[in-house]
Structure formats: C-alpha cells, structure tokens
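**Q** Residue numbers (my numbering): 96 to 303.
#1: How close, in whole Å, do the beta carbons of residue 106 and residue 198 come, if the pair is a contact with beta carbons under 8 Å?
#2: Out of 115, 249, 216 and 129, point me to the one whose CA is closest to residue 299's CA.
#3: Pick from 114, 162 and 228: whose alpha carbon is nearest that of residue 246?
#4: Would DSSP call residue 96 helix, strand or coil?
#5: Check the DSSP bridge columns for residue 122 and list the partner residues they point to.
#6: What's the call for residue 262, buried or exposed, on a 16-neighbour Cβ count within 10 Å?
#7: Which word fits residue 96, buried or exposed, when buried means at least 16 other C-beta atoms lie within 10 angstroms of its C-beta?
#8: Which runs of the alpha helix (DSSP H) fall wholly inside the stretch 178 to 228 and span at least 4 residues, in chain order?
#9: Answer with buried or exposed for residue 189, where buried requires no fewer than 16 other C-beta atoms within 10 angstroms of its C-beta.
#10: Could you tell me whether the stretch 223 to 235 touches the stretch 143 to 163, where touching means 3 or more Cβ pairs closer than 8 Å?
#11: Go to residue 132, then tell me how far its alpha helix (DSSP H) extends in each direction, as first and last residue.
#12: Could you check where the alpha helix (DSSP H) with residue 160 kicks off and where it finishes?
#13: If you count every other CB in all the chains shown that lies within 10 Å of the CB of residue 112, and 16 or more means buried, which is it?
#14: So, does the stretch 174 to 185 touch the stretch 137 to 146, judging by three or more C-beta pairs under 8 Å?
#15: I'd like to know if the stretch 204 to 215 and the stretch 273 to 286 are in contact, where contact means that at least 3 CB-CB pairs between them fall below 8 Å.
#16: Pick from 251, 149, 126 and 294: whose alpha carbon is nearest that of residue 235?
#17: If you drop the 5 nearest sequence neighbours on each side, which residues of the same chain put their C-beta closer than 8 Å to that of residue 133?
#18: Excluding the 5 residues preceding and the 5 following residue 165 in the sequence, name in chain order all residues of the same chain whose CB lies nearer than 8 Å to its CB.
#19: Which one of 148, 239, 223 and 169 has the shortest CA to CA distance from residue 213?
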C-alpha cells in the first residue's frame with residue numbers, strides 16, 4: 096500500500112518509569128515492523144556510541160536548545176534532570192503526520208501530555224510498567240532492575256521519586272497499558288497494539 100497524502104500518520108508514545116523496559120520494547124518493535132521509525136526529539140545530553148544524529152535524537156548544545164525555544168520551534172520542552180534538556184520539534188511532528196508516517200518515541204510524561212493534547216487523533220499513548228499488586232511492589236522491582244544494570248545510585252533515587260509522583264499516576268490517562276513481567280510477552284502485547292492501531296488507520300505494517 097503506497098503512502099497517501101489523505102491518510103494521516105500516527106505517533107506511538109512509549110511512557111513509563113525507568114526500569115520498565117520501554118526502550119527495549121520500542122527497539123524490538125522497530126526491528127519487527129520496518130514501517131515504524133523513531134521520532135527524533137531534541138536533547139542536550141551527549142550522543143551515545145550506538146546513536147546517530149537525527150535518528151534517535153537531534154543532539155544540540157544548550158545554547159542551540161534555548162535558541163529553539165525562543166524561536167518557537169519546540170512543541171514542548173523540559174529539564175528532565177539537571178543540565179539535560181529534552182524537547183519535541185514541531186516540524187518533525189507535522190511533517191511525519193502529513194505524509195502518513197509511522198513514528199514511535201520514548202517521551203517523558205509532561206511531553207507526552209502536551210503532544211497528545213496538540214494531536215489527540217494522531218497520538219497513541221502506551222504506558223509500560225512493571226508488575227506488582229501495589230505501587231510499592233512496582234517501585235521495588237524497578238529499583239532492582241536499575242541496580243542490576245548498574246545505574247548510579249543518585250539516578251535510581253531520582254527516577255523512583257519521579258515514578259512515584261509523576262509517571263505511575265499517569266498510566267490511567269494512557270490508551271494502553273503494557274505490563275512488562277517478561278520482555279518477550281510484553282513485546283508481543285505492544286506489537287498487537289501496533290497492528291490494531293495501524294489497521295484502524297489504514298496504515299501499512301511493511302512499508303520501509
């Protein structure tokens with residue numbers, strides 16, 4: 096099926112606390128479905144060895160980021176951790192949706208809320224969380240996962256506090272919830288969501 100100017104694109108937003116596994120799920124979905132590409136958000140954090148400029152993010156210095164803010168080029172922006180700014184470029188969103196693009200992104204709660212409010216029919220919010228019968232059990236598991244991957248202790252504490260206050264309460268506002276108890280099963284659950292939404296929007300799974 097060829098892309099059509101009459102068919103709007105879609106943005107799948109993966110939301111969730113640190114340690115929930117949203118990045119692993121997102122990468123698996125992009126590998127499985129060639130039509131899905133990552134929405135490149137702007138950030139001032141350093142580029143990692145596995146990343147490419149303009150693919151995962153637009154890596155800019157703080158001065159350029161502030162210029163983008165002043166020029167009104169960002170749909171939203173925030174300082175997620177001290178000195179690390181993230182924002183959603185308006186142009187990337189508008190251009191992708193206009194040509195029927197299928198994008199996926201790992202976006203913080205505040206950014207996801209702004210994006211969904213600006214494009215309510217074009218954004219699908221998928222909340223990825225850890226299993227647990229209570230918030231306390233979920234936070235304990237998230238802590239263990241971050242410890243196992245050797246995250247700095249200060250980062251763990253900051254992320255857990257953010258999860259408790261901001262991220263876990265937000266899941267009720269999302270379109271779908273994926274509980275990542277076992278990664279393979281969580282990927283399958285997310286893939287089913289992708290298939291359902293793309294079929295409803297008449298967007299192809301196999302277009303590169």
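Note that CB positions come from ideal geometry on N, CA and C, so glycine has one too.
**A** Taking the coordinates as given:
#1: So it is a contact: roughly 5 Å between Cβ atoms.
#2: Of all alpha-carbon atoms in 115, 249, 216 and 129, the one lying nearest the alpha-carbon of residue 299 is that of 129.
#3: With respect to the C-alpha of residue 246, the residue from 114, 162 and 228 having the closest C-alpha is 114.
#4: Any reading at residue 96 is ruled out, since the residue's pLDDT is 41, under 50, leaving its predicted position unreliable.
#5: Residue 122 pairs with nothing; no bridge assigned.
#6: With 16 or more other Cβ atoms from the protein chains shown falling within 10 Å of its own Cβ, residue 262 counts as buried.
#7: In this prediction, residue 96 scores a pLDDT of 41, lower than 50, which makes its location untrustworthy; no coordinate-derived value is stated.
#8: Within the stretch 178 to 228, the complete alpha helix (DSSP H) segments at least 4 residues long are 185 to 193 and 204 to 213, listed from N- to C-terminus.
#9: Its Cβ having fewer than 16 others within 10 Å, residue 189 is exposed.
#10: Contact between the stretch 223 to 235 and the stretch 143 to 163 is absent, with fewer than three C-beta pairs closer than 8 Å.
#11: That residue, residue 132, is in no alpha helix (DSSP H); its beta strand (DSSP E) goes 131 to 133.
#12: Unbroken alpha helix (DSSP H) run through residue 160: 157 to 165.
#13: Sixteen is the threshold: when 16 or more other Cβ atoms of the shown chains lie within 10 Å of the Cβ of residue 112, as they do, the residue is buried.
#14: Pairwise C-beta distances place the stretch 174 to 185 in contact with the stretch 137 to 146, as three or more of them are shorter than 8 Å.
#15: When Cβ pairs closer than 8 Å are counted between the two stretches, the stretch 204 to 215 is seen not to touch the stretch 273 to 286, the count staying below three.
#16: For the residues 251, 149, 126 and 294, the minimum Cα distance to residue 235 belongs to 251.
#17: Cβ within range, chain order: 121, 125, 150, 151, 198, 199 and 200.
#18: Excluding residues within five positions, none has a Cβ falling inside 8 Å.
#19: Checked all of 148, 239, 223 and 169; the closest Cα to residue 213 is 169.
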